[in-house]
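The structure appears below as structure tokens.
Protein chains: 2
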Amino acid sequence: MSHVDVDRANSIALERLLAARPRLVGVARAGDVVPGLGKNQLRLLHAGPPITWERASGPLRGAVIGALLYEGLAANEAEAVARVERGEVELSPCHHHAAVGPMAGVISPSMAVYVVEDTAATGGTRRFFSNLNEGYGKVLRYGAFAPEVLDRLRFLNETVGPVLGEAIERAGGIDLQALVAEALHMGDEGHNRNRAGSLLFLKLLAPHIARAASPGGAAAVLDALGGNALAVLNPVMAACKAMADAAHGVEGSTLVTAMARNGTDFGIRVSGLGDRWFTAPAIVPEGLYFPGFSGADANPDIGDSTITETAGIGAFAMAAAPAIVSFVGGTPEDAKNATLEMYEITAGEHTRFTIPTLGFRGTPVGIDLRKVLELGITPRINTGIAHREAGVGQIGAGLVRPPLAVFHEALLAFAEHYGF
Amino acid sequence: MSHVDVDRANSIALERLLAARPRLVGVARAGDVVPGLGKNQLRLLHAGPPITWERASGPLRGAVIGALLYEGLAANEAEAVARVERGEVELSPCHHHAAVGPMAGVISPSMAVYVVEDTAATGGTRRFFSNLNEGYGKVLRYGAFAPEVLDRLRFLNETVGPVLGEAIERAGGIDLQALVAEALHMGDEGHNRNRAGSLLFLKLLAPHIARAASPGGAAAVLDALGGNALAVLNPVMAACKAMADAAHGVEGSTLVTAMARNGTDFGIRVSGLGDRWFTAPAIVPEGLYFPGFSGADANPDIGDSTITETAGIGAFAMAAAPAIVSFVGGTPEDAKNATLEMYEITAGEHTRFTIPTLGFRGTPVGIDLRKVLELGITPRINTGIAHREAGVGQIGAGLVRPPLAVFHEALLAFAEHYGF
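So the sequence lines, in the order shown, correspond to chains Z and S. Reading the first sequence from the start, the letters are residues 1 to 420 in the working numbering. Reading the second sequence from the start, the letters are residues 1001 to 1420 in the working numbering.
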């Protein structure tokens, strides 16, 4: 019989999550700052738990092809596929490199990444990374790789990125928790709806952008930032990764510290179970489709953006974002109930993220494996929906839950490891 | 007995209000564009119904003194007061000049004003005006007139105004109803809470501001705009004036088309009763005070910003803005109930302004004099609170209602005029 005090371990893990203070400090070239993404390996990062090319879904394959074209490592789609099939390209999860990426989440060395620092982390400052958000429509993260997709990516990484980086430095960095806290009072939930957060991001940077570029250059960057209501999603994801990682590695804790999907498998990690992933086949989301598309076109759930729910926002904060239902389906009452249900499976309430319509109650945070299985309630997730084929892109947005099996598997492993 | 069909008249008035399409088209010098504010008269505009200097409250007196100092028409406070007391300065309501101003609402010829056009107006395009919002603390609109207040005003009118004007023109104008509609889905109510609307305003103008000034100049304007969460209040007020005026002058209509306060009197105008004001003493708002102040320091209700409630936003849309209670007092439930109560006294629901938490129901709009008196329910108003003495400034924010007497007086006049 184990003498591990799980409740106490979960309290410690939750305290650490809440004590994290992620701050956006800059933008850099991924190959220069992301650990393990150097120049000498042909390695690409991707969303979710580990996956092989053979088992990879259409949108992830499309993004890998796009990244190889973007890096000049292949001249066309066939050449890119051939290189991967010959085993020349290593696919490695973002989560193994202190990074997170929405949807396919493919990050290659010459892409720009946001740099987020958590100076409050146990054991000293830690750094976390996410790529730049490309906006809507045909974009790499949804598996599109047409020439205009890569042109847009080049503009973002080479023109927007450096200006943003200088503006962030001139601004003295950005407190991302304060930004999210304010955005939750302005109808965002921080995952699918980031309209307010992206505007707050624009507000904080705009004067510095004006000084960091020529008038025309500044106008182009302000336009790119202001025209993308998801602009702040990626740095917010890196901040959520900082919070979730702070809770990771607490002996005896059943708190979930990562939920991520690669488009084939849904995987979770648990605080007290080290770096092991528990996986099961990802589910196809339910939601609203763009004209001309339906559920039959949808890829299973994909992306690292579930790090938002892991840190107590996204679907967990949906009561703060009643207007989101016009995008993901359902009614404002459903949105409220989504949050209320998540209190059932979490260890506590966020001390900085609050929901006005619930009397400023803190968002539910710290998914407890035990509660998920005791109640049979899996976490709720808001998500975009990708076409199942490579090269198409986003076809809708909706709601999904992880397969219950990943929690079963994790609890069995927990019992085995701790001798319950 | 009258043959006037009041219900039909109110339907026509409401249709006209909803058909207005106010568009922000530029910024100009007040003396160049506001009718009746030329160079040859010593005339100052002010909020609310007509008032004499003798009956004017502290904050209005302070703003009048400040405007005379600002215009160089007096060298100091005593000289300003002497000129007004000698009858050399005419005080005229903003509402008599197609203009609106928050709080004291004093507009003098060399101040910058937003120019809003309603091309959908019956009888051809109409233009409406409002001054630039000064931000918080010691500001002219709350009756402060210290040198730093006037310096800030000069910076706004002479530096920010022209750049904003050029940016608005480069942007091709701004659809202010679309902006308000989006802001209501982001936790604003459009009167006391304009955080989201001000950020949307910044987003629409930022790239154009970058092109309209030097890097340093653009940075200063972006900073002034981004640092003021009430920046968009004034153009929104002018848009609301366009909507309310569209409903004015319908024979037989009991809809209220203006509510305004000068700090001494609360006045309303009614669609079917011409330009006559119905007035009664203004009430002191209830709310939250800044540290060091209390209700004993408060001036009675002041300002033209009640034009927002007249057009179906502000307190009427408070259910959209649960986070506002941290600023004005009460609970999110009170905020919801405020909106629900206003459906009782209005002629219809707004077709463009909707509230997500009420299932996207349109905001209550078109205050019907008859319903106010039948039910004894007066309109709710969100407001800032000014210190009762000249020169101090804002001391809080809260909630207030008009005196019931103004509606009594208006209904008596209506009965007399139409022979009921």
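Every residue gets a Cβ at the ideal spot worked out from N, C-alpha and C, and that includes glycine.
Along the chain, where does the beta strand (DSSP E) containing residue i start, and where does it finish?
| i | result |
| --- | --- |
| GLY1216/S | Run containing GLY1216/S: none in the beta strand (DSSP E); it sits in the alpha helix (DSSP H), 1215-1226. |
| ILE377/Z | Counting along the chain, ILE377/Z falls outside any beta strand (DSSP E), and DSSP gives it neither H nor E. |
| VAL365/Z | 361-367 |
| PHE145/Z | From DSSP, PHE145/Z is part of no beta strand (DSSP E); its letter is neither H nor E. |
| GLY348/Z | 346-355 |
Compare the Cα-Cα distances from residue i to each of the options and report the closest residue.
| i | options | result |
| --- | --- | --- |
| PRO1356/S | HIS1191/S, VAL1004/S and GLY1187/S | GLY1187/S |
| ASP32/Z | ILE107/Z, PRO50/Z, HIS387/Z and ARG86/Z | ILE107/Z |
| LEU91/Z | THR339/Z, VAL100/Z, GLY263/Z and LEU45/Z | LEU45/Z |
| ARG86/Z | GLY72/Z, LEU42/Z, PRO50/Z and GLU71/Z | LEU42/Z |
| PRO102/Z | PRO109/Z, PHE129/Z and LEU164/Z | PHE129/Z |
| GLY1137/S | HIS1408/S, GLU1409/S, GLY1362/S and ILE1395/S | ILE1395/S |
| LEU1205/S | GLY1226/S, ALA1311/S and ARG1029/S | GLY1226/S |
| GLY1292/S | ALA1074/S, ALA1078/S, VAL1392/S and VAL1149/S | VAL1392/S |
| GLY267/Z | GLY287/Z, ASP304/Z and HIS248/Z | ASP304/Z |
| LEU277/Z | GLU54/Z, PHE316/Z and ALA405/Z | Note that residue 277/Z is Trp in the sequence shown here, rather than Leu. Checked all of GLU54/Z, PHE316/Z and ALA405/Z; the closest Cα to TRP277/Z is ALA405/Z. |
| GLU1344/S | ARG1380/S, PRO1332/S, ILE1324/S and LEU1037/S | ARG1380/S |
| ASN1228/S | GLY1287/S, GLY1217/S, GLU1079/S and GLY1197/S | GLY1197/S |
| VAL89/Z | GLY72/Z, LEU68/Z and ALA121/Z | LEU68/Z |
| ARG1401/S | ARG1061/S, GLU1286/S and GLY1048/S | GLU1286/S |
| LEU140/Z | ARG126/Z, ALA120/Z, THR308/Z and ALA47/Z | ALA47/Z |
| THR254/Z | THR310/Z, LEU176/Z, PRO207/Z and ALA220/Z | THR310/Z |
| ARG1008/S | ALA1078/S, PHE1353/S and VAL1250/S | VAL1250/S |
| GLU1389/S | ILE1012/S, ALA1347/S and ILE1065/S | ILE1065/S |
| GLY263/Z | THR279/Z, ILE367/Z and GLY252/Z | THR279/Z |
| HIS185/Z | PRO1332/S, HIS1208/S and ALA1063/S | PRO1332/S |
By the DSSP assignment, the alpha helix (DSSP H) with residue i in it spans what residues?
| i | result |
| --- | --- |
| ASN1010/S | 1006-1019 |
| VAL33/Z | 30-33 |
| ALA167/Z | 161-170 |
| ALA1178/S | 1176-1184 |
Alpha carbon to alpha carbon, how far is residue j from residue i? Give it in angstroms, no decimals.
| i | j | result |
| --- | --- | --- |
| ARG168/Z | TYR114/Z | It is worth fixing the name first, because residue 168/Z is Ile in this sequence and not Arg. Between ILE168/Z and TYR114/Z, the C-alpha separation is close to 10 Å. |
| MET243/Z | LEU17/Z | 5 Å |
| GLU4/Z | VAL81/Z | For the sequence presented, residue 4/Z should be read as Val rather than Glu. Roughly 49 Å between the two C-alpha positions. |
| LEU1179/S | PHE1201/S | 8 Å |
| ALA99/Z | ALA144/Z | 21 Å |
| GLU1349/S | PRO1050/S | 31 Å |
| HIS1095/S | ALA238/Z | 51 Å |
| CYS1428/S | ARG261/Z | Outside the modelled stretch of chain S, which goes from 1001 to 1420, sits residue 1428/S, for which no answer is possible. |
| GLY1036/S | TYR1070/S | 19 Å |
| THR1159/S | ASN1131/S | 14 Å |
| ASP1301/S | ARG1061/S | 15 Å |
| MET1/Z | GLY419/Z | Residue placement at MET1/Z cannot be trusted, given a pLDDT of 49 that sits under 50; what the coordinates show is reported in the next sentence. So the alpha carbons of these two residues sit roughly 6 Å apart. |
| GLU117/Z | LEU24/Z | 6 Å |
| ASP368/Z | ALA347/Z | 6 Å |
Could you have a look at residue i and say whether DSSP puts it in helix, strand or coil?
| i | result |
| --- | --- |
| PRO125/Z | Per the sequence presented here, residue 125/Z reads as Thr, with Pro not at that position. In the structure shown, THR125/Z sits in coil (DSSP, three-state: anything other than H, G, I, E or B). |
| ARG193/Z | coil |
| ASP188/Z | coil |
| THR339/Z | helix |
| ALA1238/S | helix |
| ASN1157/S | helix |
| HIS417/Z | helix |
| VAL456/Z | Nothing in the structure corresponds to residue 456/Z, since chain Z is present only between 1 and 420. |
| LEU205/Z | helix |
| LEU150/Z | helix |
| GLU134/Z | coil |
| LEU37/Z | coil |
| MET1/Z | Confidence in MET1/Z is poor, its pLDDT being 49 and thus under 50, which makes the residue's placement too unreliable to answer from. |
| LEU1358/S | helix |
| LEU1200/S | helix |
| LEU24/Z | strand |
For the stretch 1244-1331 of chain S, which segments carrying the beta strand (DSSP E) assignment without a break, of at least 3 residues, lie completely within its bounds, in sequence order? Listed in chain order, the complete beta strand (DSSP E) runs (minimum 3 residues) inside the stretch 1244-1331 of chain S are 1256-1262, 1265-1270, 1278-1281 and 1286-1289.
Would you mind listing the alpha helix (DSSP H) stretches within the stretch 1043-1115 of chain S that are 4+ residues and don't spill past its ends, in chain order? DSSP runs (the alpha helix (DSSP H)) wholly in the stretch 1043-1115 of chain S: 1058-1070 and 1077-1085.
Return the chain-ordered ranges of every beta strand (DSSP E) run that is complete within the stretch 1372-1414 of chain S and spans a minimum of 3 residues. Fully enclosed beta strand (DSSP E) runs of 3 or longer: 1381-1386 and 1394-1400.
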